Amino acid sequence: MAYKFIDNYREKGARKRLVEVLRKKGIADERVLEAIGTVPRHYFFDETFWNQAYKDIAFPIGEGQTISQPYTVAYQTELLHICQGDKVLEIGTGSGYQTCVLLELGAKVYTIERQANLYDRTRWVLPNKMNYKANFFLGDGSIGIAAHAPYDKIIVTAGAPTVPGVLLKQLKIGGMMVIPVGDEKSQKMITVLRVGENDFEEMTLDTFRFVPLVGDKAW
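See below:
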């Protein structure tokens, strides 16, 4: 992938139009919309495909993965109610686009990716070319990163067959996880709130389609 780090008037205008599309689709959290409007999504695309960067679509990024649709990123992020300083575990770094949105909201992000090529690319691009600082890990996201638990929030950016219990144990009491759960064709977005040591409140929301969560506690 060839990167040219340019953020000119044309791209800024395209981001504003994308924000209006998301607002019309029901994203109401202005902080989330502002973060989407700030992150230069075209940085994650080869220059050849910059005309696709601010459309509300997912797009292939290699290794069988995609950069998520902006609506999906905004939807999951809105559910998390990120506060300044929240310690967030992101399962599935991918392109790093969702990571940047979380960082724009003031989260301290721990992000894990199982694909080595994506991991190498993202952990170099975000700090060195975009000035976004996160904690990057290579490994099986389905088992989380227990060494740095507990987390205020956990976001899973791939579809799981069930909610992995090992991830629930890495939430703080009062913490929340957002995860798509279903089969390999479609998933329901699930929020899980940890209300006690062994007590959780779960809510099932809208239908999405994510790439599969692959790992010991997933597919």
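Per my numbering, the sequence shown starts with residue 67, numbered consecutively. Don't be surprised by glycine CBs; every beta carbon is placed ideally from N, CA and C. Because the structure is a prediction, the values reported are computed rather than measured.
With respect to the 9 Å criterion, Y176 and Y217 are classified as neighbours on the basis of their beta carbons. When the alpha-carbon of Y198 is set against those of V222, C166, S134, V87, the nearest one is in C166. If you ignore the 5 residues before and after R260, its C-beta comes within less than 6 Å of the C-beta of L237, I239, G241, F266, all in its own chain and listed in chain order.
Cβ atoms of L279 and V222 come within 8 Å of each other, at about 6 Å.
Taking a 10 Å sphere around the C-beta of F111, we find 16 or more other C-beta atoms and assign the residue as buried.
Two segments are said to touch when three or more pairs of C-beta atoms, one from each, lie closer than 8 Å; by this definition the stretch 121-129 does not touch the stretch 144-155. Our two residues, P230 and I123, have alpha carbons roughly 28 Å apart in a direct line. In the displayed model, A224 falls within coil according to three-state DSSP, outside both helix and strand.
Secondary structure of T165 (DSSP, three-state): helix. For G172, same chain residues with a beta-carbon under 8 Å away, outside a window of 5 residues either side, are I148, C149, Q150, G151, D152 in chain order.
A distance below 8 Å between beta-carbons, with the five flanking residues on each side excluded, links L169 to the following residues of its chain, in chain order: V175, Y198, K199, A200.
When secondary structure is reduced to three states using DSSP, N201 falls in the strand class. For P193, the enclosing alpha helix (DSSP H) covers residues 182-195. When I178, K251, L99 are compared, the shortest CA-CA separation from A226 is found for K251.
Residues of the same chain with a CB within less than 6 Å of the CB of P193, apart from the 5 flanking positions on each side, are K199 in chain order. Beta-bridge pairing by DSSP links E170 to no other residue.
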